[in-house]
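S.K.: I am attaching a structure below and will ask some questions about it afterwards.
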Amino acid sequence: MAKMDVEATLNRLGGFGRSHLLIVALCYLTAFFTGMPVVQDPFVNYTPAHRCYVPSCDSSNTTYEDDFLNFTTPSEDNEWDKCEYHSPLTNETSAYNYASRPIQILASLWRDEEDEARSGGATCEADHFAVADVRSCDHGWVYDHELFQSSTTMDFDLVCDKSFLTSMTTSAFNAGMMLGAITSGVMADRLGRRLSYMLSLVLLVTGSSLGAASTSPVMLILLRLLAGFGDAATYQIIFVLCAEYMPQQHRSVVGLLINVSFALGEAAVGVYAIFIRRWRMLQLTISLPMFVLGISYWAAPESARWLITQGREQEAEIIVRKMAKFNKTSNFEIIYLYYHRSLSCDDNFMPDQSLRMD
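Residues 649 to 1006, numbered by my numbering, are exactly what the sequence shown covers, in order.
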């Protein structure tokens, strides 16, 4: 019985040729893209300085810092309280000066109707707030937009009693990565390297792209779980596929540079965040370029080693011959390893020492 000696045959492809360069380019590009989602959360989930929205003082175009905060918002160590503000007194319960009523009527003409409704009839003056009484941020928050224009924390108000949801998005991604790392090996052995790579890539791109359109924290958490699974599985499968095709003398260096490419992808997110200050746009900038990897289904070959283990020697031979032709390897020969039956009763096959070149 004869089987192709994959290691010896790959070493006869003429060293590191054009086919190897194509495979390595796919591996490095994949590693670069899979590194990005791993470190995006500190930017996408950025929590800026924030305080309570004060209905009687804040408006639709309000800013984080304002003079009225001195009597509306508690402070400690020169920092405004993030979750509470002083309770406003209504006109009926405060020491209301009726002589100022005409002035307040005129002032109300320039007030936004929505702001008027939210104020509950209170006035933005120091004597209209109960300093000894505080309430939670029942009208939302005001965020400092100096560093980022938007983040998941700002859009979904993931602060105070909801701040744990920010950590849950990161935990969901890490949990997905753990599941992807555990199951990717079994999936690659059952379905093959190329098909498993494409399935994992679809999960990664879907989770990352749709994450930018999330309308709730729950939706974001589920999509981050999906993206984490796809990210870890995609990276591990392409790493294995790349290593299985590399000549033995280049395998260690190629594997090391895959990790370098992964790290460069992580660093690129920080550069993107300098110029892109809105989390949805940043998320799309990270995920949409991954669609380019879809060409790998036609460009990347199936692992010859995996095909041999599945008894598909003829397909493996076709692939390595195409690689030899693409490399312009002269006098290429496939090396076969012959087996003979053992004399032992379990009827196993034992390798012969002789090699024949076809």
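We treat Cβ as the ideally placed atom computed from N, Cα and C, and that holds for glycine.
Predicted model, so just to flag it, every value in this text is computed and none were measured.
(1) Where Leu936 and Ala875 are concerned, what is the direct C-alpha to C-alpha distance, given to the nearest angstrom?
(2) Who are the Cβ neighbours of Leu873 in its own chain at under 8 Å, not counting the five residues just before and after it?
(3) If contact is defined by three or more beta carbon pairs under 8 Å, each pair taking one atom from either stretch, is the region 829 to 836 in contact with the region 931 to 945?
(4) In the DSSP assignment, find the alpha helix (DSSP H) that holds Ala860 and state where it starts and stops.
(5) Between Val687 and Thr711, what straight-line distance do the alpha-carbon atoms span, to the nearest angstrom?
(6) With a cut-off of 8 Å on the beta carbons, I'd call Gly913 and Gly683 a contact; round off their distance for me.
(7) Could you compute how far the alpha carbon of Ile924 sits from the alpha carbon of Ala861?
(8) Are the region 946 to 958 and the region 670 to 677 touching, with three or more C-beta to C-beta distances below 8 Å?
(9) How many Å lie between Arg783 and Val702 at the Cα?
(10) Whole angstroms is fine: what's the gap from Arg969's alpha carbon to Gln962's?
(11) Check whether the region 795 to 812 touches the region 689 to 705, taking contact to mean three or more Cβ pairs, one atom from each stretch, closer than 8 Å.
(12) With respect to the beta strand (DSSP E) encompassing Pro736, which residues constitute its N-terminal and C-terminal limits?
(13) Whole angstroms is fine: what's the gap from Arg928's alpha carbon to Ile934's?
(14) Over what stretch of residues does the beta strand (DSSP E) that includes Tyr920 continue unbroken?
(15) Check the C-beta distance from Leu871 over to Gly859 and give it rounded, since I have them as a contact under 8 Å.
(16) May I ask you to report which of helix, strand or coil DSSP gives Cys705?
(17) Please report the distance separating the alpha-carbon of Tyr591 from that of Leu839.
(18) For Thr957 and Ser857, what's the separation of their Cα atoms in angstroms?
(19) Since Cys731 and Thr720 are thought to touch, with beta carbons under 8 Å apart, how far apart are those beta carbons, to the nearest angstrom?
(20) Taking Asp781 and His734 to be in contact with their CB atoms under 8 Å, please state how far apart those CB atoms are, rounded to whole angstroms.
(21) Should Val853 go down as buried or exposed, given a rule of 16 or more other Cβ atoms within 10 Å for buried?
(22) In chain order, what residues of the same chain lie with their CB nearer than 6 Å to the CB of Cys808, ignoring the 5 residues before and after it?
(23) Between Leu851 and the rest of its own chain, which residues show a CB-CB distance below 7 Å, the 5 nearest in sequence each way excluded?
(24) What are the partner residues of Arg783, as DSSP defines its beta bridges?
(25) Is Phe680 buried or exposed, if buried means 16 or more other CB atoms sit within 10 Å of its CB?
(26) Residue range of the alpha helix (DSSP H) that Cys675 falls in?
(27) Which of helix, strand or coil does DSSP assign to Glu773?
(28) From Pro736 to Gly788, what does the alpha carbon distance come to, in whole angstroms?
(29) Would you mind giving the Cβ-Cβ distance between Phe812 and Pro865, rounded to the nearest angstrom? I have them listed as a contact below 8 Å.
M.R.: On the basis of the supplied data:
(1) 13 Å
(2) Ala820, Phe821, Ala823, Gly824, Gly855
(3) no
(4) No alpha helix (DSSP H) contains Ala860, which DSSP labels as neither H nor E.
(5) 30 Å
(6) 3 Å
(7) 17 Å
(8) yes
(9) 11 Å
(10) 11 Å
(11) yes
(12) 732 to 736
(13) 10 Å
(14) Run containing Tyr920: none in the beta strand (DSSP E); it sits in the alpha helix (DSSP H), 899 to 923.
(15) 4 Å
(16) coil
(17) Residue 591 lies beyond the range of the chain shown here (649 to 1006); nothing can be said about it.
(18) 36 Å
(19) So it is not a contact: roughly 14 Å between Cβ atoms.
(20) 7 Å
(21) buried
(22) Cys731
(23) Leu874, Phe877, Gly878
(24) Tyr733
(25) buried
(26) 666 to 683
(27) coil
(28) 15 Å
(29) Their Cβ separation, rounded to whole angstroms, is 10 Å, which puts Phe812 and Pro865 out of contact at 8 Å.
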